[in-house]
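Quick note, the sequences are listed as chains A and B, same order. Numbering follows the working numbering, in which position 239 of the first sequence is assigned residue number 239; successive positions increment by one, without gaps. Numbering follows the working numbering, in which position 32 of the second sequence is assigned residue number 32; successive positions increment by one, without gaps. Glycine is no exception: its CB is placed at the ideal position from the N, C-alpha and C atoms. Fair warning: this is a prediction, and the values are worked out from it, not measured in the lab. What follows is a single structure, written as structure tokens, with notes after it.
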Amino acid sequence: MRTVPARWLALRAVAVLVGLFLIVPTLMVVPMSFNGSSTLGVLNGDWTTRWYSDLFGDPRWRAAAANSLKIALGTTALSLLLGTLAAWGLSKGTRFGELIRGASLAPVVIPPVILGVGMYTVLLRWELTGSLTGLVLAHTVLALPFVIVSVSASFAQLDPVYERAAMSLGANGFQRFVRVVVPLVAPGVVAGGLFAFVTSWDEIVVAIFLTDASTRTLPVEMWIQMRTQVTPTLAALGTALFALSTVALLAMQLLRRDES
Amino acid sequence: MTSPASAVRRAPLRAVSGGWLLALPALVFLAVLFLWPLLKMGQESLTDGFSTYSDVLSSTVYRRVFWTTAATAGLVTSICLLIGFPYAYVMYRSSRTTRTLLLAVVLLPFWSSLLVRSFAWIALLQDSGLINQTLTGVGILDEPLPLIRTQLGVLVGMVHIMLPYMVLPLFATMLRIDDRLLLAATSLGASPWRRFVRVFAPLSAAGIFAGALLVFTISLGFYITPALLGGPRQTMIGEVIADEVQQFALPTASALGMVLLAGTMILLGIVVTALSRAKERTA
Chain A
1 MRTVPARWLA
11 LRAVAVLVGL
21 FLIVPTLMVV
31 PMSFNGSSTL
41 GVLNGDWTTR
51 WYSDLFGDPR
61 WRAAAANSLK
71 IALGTTALSL
81 LLGTLAAWGL
91 SKGTRFGELI
101 RGASLAPVVI
111 PPVILGVGMY
121 TVLLRWELTG
131 SLTGLVLAHT
141 VLALPFVIVS
151 VSASFAQLDP
161 VYERAAMSLG
171 ANGFQRFVRV
181 VVPLVAPGVV
191 AGGLFAFVTS
201 WDEIVVAIFL
211 TDASTRTLPV
221 EMWIQMRTQV
231 TPTLAALGTA
241 LFALSTVALL
251 AMQLLRRDES
Chain B
1 MTSPASAVRR
11 APLRAVSGGW
21 LLALPALVFL
31 AVLFLWPLLK
41 MGQESLTDGF
51 STYSDVLSST
61 VYRRVFWTTA
71 ATAGLVTSIC
81 LLIGFPYAYV
91 MYRSSRTTRT
101 LLLAVVLLPF
111 WSSLLVRSFA
121 WIALLQDSGL
131 INQTLTGVGI
141 LDEPLPLIRT
151 QLGVLVGMVH
161 IMLPYMVLPL
171 FATMLRIDDR
181 LLLAATSLGA
191 SPWRRFVRVF
201 APLSAAGIFA
211 GALLVFTISL
221 GFYITPALLG
231 GPRQTMIGEV
241 IADEVQQFAL
251 PTASALGMVL
261 LAGTMILLGI
271 VVTALSRAKE
281 RTA
């Protein structure tokens, strides 16, 4: 038998502790949301779905959920439209391709607080603060880079032979796009769409700047509540947000796997 | 990109249509809703000339905030490196299955909402939270430990969020290390520790550098986590900017934003230059 050196055991112990540090707080909200005690963080052994009925019964949370959903769907649609076209164009190898690609990724690296101030300044002038349209525009800026990366990955694997075959069979540009290109890059587009949806659904910083009392999203409403008191209802909301993002991201992983 | 098909592809398809035309809507959109807001913010910060900047940069309150921000980012970066390096190393040395599991453990929090995770930390760290309940319940403590609204609370919450940004570049760099170099060191009689210090650590330097700068840069702009887990003494620049906007002090908020933007851009410039140099060297 191979002897395992003590330092390797020590390293593994460190990795396990770090792993627990990463995973336990992430999953904590789930048991907390089903816990019977009305003080958050006290696990008294009673299980209940009361916090979920509180959550789903409250018109304020329902309004916030409706706002979040509308904004996330709008963001998904707009960023898919702009992002897919851009990724298609970039896949054709244009002169300033690298520059365009770099520029389109810029919103990811700018601190969201700065984007929040900048967009607030501009949207205030256009009278779009506190409107769903304003948030869709802002979230599209944040989601677009992810869509472009995801769809570009599909285009990079698209064999141009298919498009040329269609061309030689007499298909025009539009037919080639709809009948050949779209079905082949569809997994990347769907993955990009899911990414855009989750980006908007979880976004909090820019939303704090741009929402008012009637357009608050779920994260903003949660943030406002959290600053006064943390309740088990918030744990239920956290679990719901977590579940939705996880489903979307797992779907995205499956799509990526199919592709490669 | 290196498939034989891509070599043939350029000529016939470029003639079909100009690619930049398809990218144009996205570029116009970003110019109007990304670049223009940043320019407007710059203009806003100059509403009263440079006096806003000199006020901001000379005020002791803001100076303290700048210092807290840099110090917090520095501490978060150090802790992430300290615990992220062994983690990435174990990932690198593990079997395929263990590696996938360890990677999943990093990616799951990476993808889940920052707000929900900060919420979980409040529930764990607050005076009536799980940690204090356990400690007082068992009888180790009579009074709850002050964990929330402290520097410790901010650091724990931020490290939890930033750790994946450290582990992923480190792991990627370690994967590129040529095993034969390590074998050579062993066959030349290097002890495992010496092999680590003289061969492995220098070869993972690029990952350490990229990870550390990434973590530091992103940490500078934090707003939500320090606001929820820290006290007034832990206020970071992101929170101050948001507060100034809420009080309609747009020029001050913009000037602070420009200072943060400048810091971020300089650091990112260093990362990009260093990474492209590293790529040239390996290519």
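Beta-carbon gap between residue i and residue j smaller than 7 angstroms
i: S200/A; j: I148/A; result: no
i: M174/B; j: Y92/B; result: yes
i: V240/B; j: V56/B; result: no
i: L310/B; j: V109/A; result: Any question about residue 310/B goes unanswered here, given that chain B covers just 1 to 283.
i: L261/B; j: I114/A; result: yes
i: V29/A; j: A120/B; result: yes
i: M119/A; j: A191/A; result: no
i: A166/A; j: V180/A; result: yes
i: L181/B; j: V199/B; result: yes
i: G157/B; j: L81/B; result: no
i: L183/B; j: E44/B; result: no
Nonlocal neighbours in the same chain, by C-beta distance under 6 angstroms from residue i, ignoring five residues either side
i: Y165/B; result: L214 and V215
i: R99/B; result: M91
i: F209/A; result: G116 and Y120
i: A15/A; result: none
Beta-carbon contacts of residue i that lie in its chain and below 7 angstroms, excluding the five residues immediately before and after
i: V185/A; result: V151, S154, F155 and L158
i: R101/A; result: L90
i: L170/B; result: G84, F85, A88, S204, G207, I208 and G211
i: R117/B; result: P109, H160 and I161
i: A13/A; result: none
i: I224/B; result: L114, L115 and S118
i: L40/A; result: M32, V230, T231, P232 and A235
i: W51/A; result: S33, P232, T233, A235 and A236
i: L124/B; result: L130 and I131
Residue closest to residue i, alpha-carbon to alpha-carbon, out of the options
i: P163/B; options: T134/B, A88/B and D243/B; result: Going by the sequence as given, residue 163/B is Leu instead of Pro. Per the Cα distances, A88/B.
i: A73/B; options: T273/B, L220/B, L268/B and A253/B; result: L220/B
i: P111/A; options: P25/B, L256/B, L183/B and A123/B; result: L256/B
i: L275/B; options: A205/B, W36/B, L108/B and I79/B; result: A205/B
i: A212/B; options: V199/B, V76/B and L183/B; result: V76/B
i: V245/B; options: A165/A, G116/A and V190/A; result: G116/A
i: T217/B; options: S51/B, I270/B and T186/B; result: I270/B
i: I140/B; options: N132/B, L147/B and G189/B; result: N132/B
i: G153/B; options: A31/B, L35/B, A227/B and S78/B; result: A227/B
i: P5/A; options: W193/B, P144/B and D179/B; result: W193/B
i: L102/B; options: F21/A, T121/A and S53/A; result: F21/A
i: M236/B; options: Q151/B, S254/B, I79/B and L35/B; result: Q151/B
i: P187/A; options: V18/A, V247/A and R256/A; result: R256/A
i: A243/A; options: W111/B, T186/B and R277/B; result: W111/B
i: T241/A; options: L99/A, V16/A, T228/A and T26/A; result: According to the sequence shown, residue 241/A is Leu rather than Thr. Comparing Cα-Cα distances from L241/A to each of L99/A, V16/A, T228/A and T26/A, the minimum goes to T26/A.
i: V220/A; options: L169/A, A248/A, A66/A and S37/A; result: A66/A
i: P59/A; options: G238/A, L218/A and L85/A; result: L218/A
i: W8/A; options: L21/B, S94/B and A70/B; result: S94/B
Buried or exposed (CB count within 10 angstroms, at least 16 for buried), residue i
i: R125/A; result: exposed
i: N44/A; result: exposed
i: G83/A; result: buried
i: W223/A; result: buried
i: V28/B; result: exposed
i: D46/A; result: exposed
i: G129/B; result: buried
i: A11/B; result: Because A11/B carries a pLDDT of 44, less than 50, the predicted location of this residue cannot be relied on, and the following value inherits that uncertainty. A11/B comes out exposed.
i: E203/A; result: buried
i: E127/A; result: exposed
i: V178/A; result: exposed
i: P107/A; result: buried
i: S245/A; result: buried
is_contact[residue i, chain A] using C-beta, thresh 7 angstroms
i: L75/B; result: no
i: S276/B; result: no
i: A15/B; result: Because the pLDDT at A15/B is just 42, under 50, the model does not fix this residue reliably, and the point stays unresolved.
i: A26/B; result: yes
i: P4/B; result: Here P4/B scores only 48 on pLDDT, less than 50, and its place in the model should not be relied on; the value that follows carries that caveat. No, because no Cβ of chain A sits closer than 7 angstroms to the Cβ of P4/B.
i: A184/B; result: no
i: L213/B; result: no
i: G19/B; result: yes
i: G137/B; result: no
Close beta carbons around residue i, own chain, < 8 angstroms, minus the five adjacent residues each side
i: F56/A; result: R62
i: L107/B; result: P164
beta-carbon residue i near the ligand FMN non-hydrogen atom, thresh 6 angstroms
i: L90/A; result: For the structure depicted, the ligand FMN is absent and the ligand set is empty, with no information on it obtainable.
Short CB-CB distance (under 7 angstroms) between residue i and chain B
i: G170/A; result: no
i: M28/A; result: yes
i: A15/A; result: yes
i: I34/A; result: In the sequence as displayed, the identity of residue 34/A is Phe instead of Ile. Chain B, which has no Cβ nearer than 7 angstroms to the Cβ of F34/A, makes this no.
i: L183/A; result: Residue identity check: residue 183/A is Pro in the sequence provided, not Leu. So no, P183/A is outside the interface.
i: W126/A; result: no
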